[in-house]
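A short write-up of the structure that comes next.
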Amino acid sequence: MGEILIVDDDPGIVEACKLFLERVGHEVHGCHSRAEGELALERESYDLLVLDVMMDQPDDGLAMAQALRRRGYDKPVVMVIDSGALYDPLDGHLDPSGTTQAYARAARSQGAEIYLRNPVNALTPRPDGGWPTTGIGS
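Numbering-wise, the numbering used here puts 1228 at position 46 of the sequence shown, and it's gapless, one number per residue.
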């Protein structure tokens, strides 16, 4: 099975993902900040990287993905967007739908493919090292 790195500032999300992915046979490592994630990637090679878009800074995950791609990182990256309740000190409460669309547009401009409401049906990499997808784009 593959080695997966999860970078999310919410320890509960990291632990829940680890429990589920380890149960199906993956080796999972978790980091709680962009800085920790970048250090882990310098020390180890992972088959899949899961990044929270919004961590310490609102665009930490997206900025990390962009920096990795500029340095030639070519492994799959899954971007997780949870914008159920956003508050900006200058602008007040933000519309989650519009914010999610803005992040998706920024991710797409960096080469990401956007899939909405796709179920996760498989957690085993293909023999060629890629990851299976279902639904749109399969």
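Glycine included, each C-beta is placed from N, C-alpha and C at the ideal position.
I need the straight-line Cα distance from G1194 to Y1285, nearest angstrom please. Roughly 23 angstroms separates the two Cα atoms.
D1234 - containing beta strand (DSSP E), residue span: Unbroken beta strand (DSSP E) run through D1234: L1230 to D1234.
Beta-carbon contacts of Q1248 that lie in its chain and below 6 angstroms, excluding the five residues immediately before and after: So the list reads Q1292, once near-sequence residues are dropped.
Would you call the region 1199-1206 and the region 1216-1226 in contact, with 3 or more CB pairs under 8 angstroms? Contact between the region 1199-1206 and the region 1216-1226 is not established, with fewer than three Cβ pairs separated by less than 8 angstroms.
Find out if the Cβ-Cβ distance for the pair I1186, D1229 is shorter than 8 angstroms. At a Cβ-Cβ threshold of 8 angstroms, I1186 and D1229 count as neighbours.
Between the C-alpha atoms of G1184 and H1208, what's the straight-line distance to the nearest angstrom? So the two alpha carbons sit approximately 5 angstroms from each other.
Per DSSP, M1261 is paired with what? DSSP, once it has assigned bridges, lists L1233 as partnering M1261.
8 angstroms Cβ cutoff met for K1257 and L1233: Contact check for K1257 against L1233 fails: the beta carbons are separated by 8 angstroms or more.
Assumed close pair L1250, A1289 - CB separation to whole angstroms, cut-off 8 angstroms: At roughly 13 angstroms, the Cβ-Cβ gap does not stay under 8 angstroms, so L1250 and A1289 are not in contact.
Given this structure, state the Cα-to-Cα distance separating R1225 from Y1255, to the nearest angstrom. C-alpha of R1225 to C-alpha of Y1255: approximately 14 angstroms in a straight line.
Between which two residues does the beta strand (DSSP E) harbouring V1196 extend? Where V1196 is concerned, there is no enclosing beta strand (DSSP E), although the alpha helix (DSSP H) it sits in stretches over P1193 to R1205.
Just verifying my parser: in three-state terms, what is the DSSP assignment at E1226? It is coil, neither helix nor strand.
Contact set for C1213: own chain, Cβ-Cβ below 6 angstroms, skip 5 residues either direction: Here the set comprises V1189, G1219 and A1222.
How would you write the range of the alpha helix (DSSP H) that G1254 sits in, first residue to last? Run containing G1254: none; DSSP gives neither H nor E here.
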